[in-house]
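Only one structure is covered here, and it is reproduced in the block below.
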Amino acid sequence: MVSALIIVLTALAGAAVWSHLPAEIAIHFSASGTPDNHVSKPVGVALLPALMVGTLLILKGAFRYDPPDTPRVAATITVATIAFMGAIHGLVLAWNLGYPVPFDLALVGSLVWAVFVIGYAVRAEYVHG
């Protein structure tokens, strides 16, 4: 339920700023923060929310096929992953709206997120599970 809400809010964020976005949207950036891949506005606004839906379905299927020993692990990892994707979409929208996006901090944040999510899952499943 929370993941679906995050996806809806992510899609609504794109719709809310639609009129302020350029016709071509940067969706990928080099390590220095220079855009190196652009798509049309409709694709740029809809792509990540669509990928979020696909990711949610894959995670639901994976956890149904091989459920974790602790049920809340599946919910936590699912929400964390969908929220992470929503945050990335927010950063992409912000950059395309002209806001400065600190890509070095975004990269560090991504790595910290990964360490915490993996650490949580390992601890819950193998240390305390």
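First residue of the sequence shown: 1, per the UniProt record's numbering; consecutive thereafter.
Backbone N, C-alpha and C define an ideal beta-carbon position, used for all residues, glycine too.
Residue i classed as buried or exposed, judged by whether at least 16 other C-beta atoms fall within 10 angstroms
i, result
"Ser3", "buried"
"Met1", "exposed"
"Thr81", "buried"
"Thr10", "buried"
"Tyr28", "A small correction: the amino acid at residue 28 is His; Tyr does not occupy that position in the sequence shown. Exposed, because fewer than 16 other Cβ atoms sit within 10 Å of the Cβ of His28."
"His89", "buried"
"Ile77", "buried"
"Asn37", "exposed"
"Leu56", "buried"
Element boundaries [alpha helix (DSSP H), containing residue i]
i, result
"Val49", "Rather than Val, the amino acid found at residue 49 in this sequence is Pro. Taken as a continuous stretch (DSSP letters only), the alpha helix (DSSP H) holding Pro49 covers 41 to 65."
"Arg123", "Counting along the chain, Arg123 falls outside any alpha helix (DSSP H), and DSSP gives it neither H nor E."
"Pro71", "71 to 96"
Beta-ladder partner(s) of residue i, from DSSP
i, result
"Pro35", "Phe29"
"Glu24", "Ser40"
C-beta contact flag for residue i and residue j at 8 Å
i, j, result
"Val73", "Ile7", "no"
"Leu91", "Val79", "no"
"Pro68", "Glu125", "yes"
"Leu93", "Val43", "no"
"Gly14", "Pro49", "yes"
"Ala26", "Trp113", "no"
Nearest to residue i (by Cα), restricted to the options the options
i, options, result
"Gly86", "Ala46, Ser32, Ala23, Glu24", "Ala46"
"Asp104", "Ser19, Asp66, Ser32", "Ser32"
"Pro22", "Phe63, Ser40, Ala114, Val115", "Ser40"
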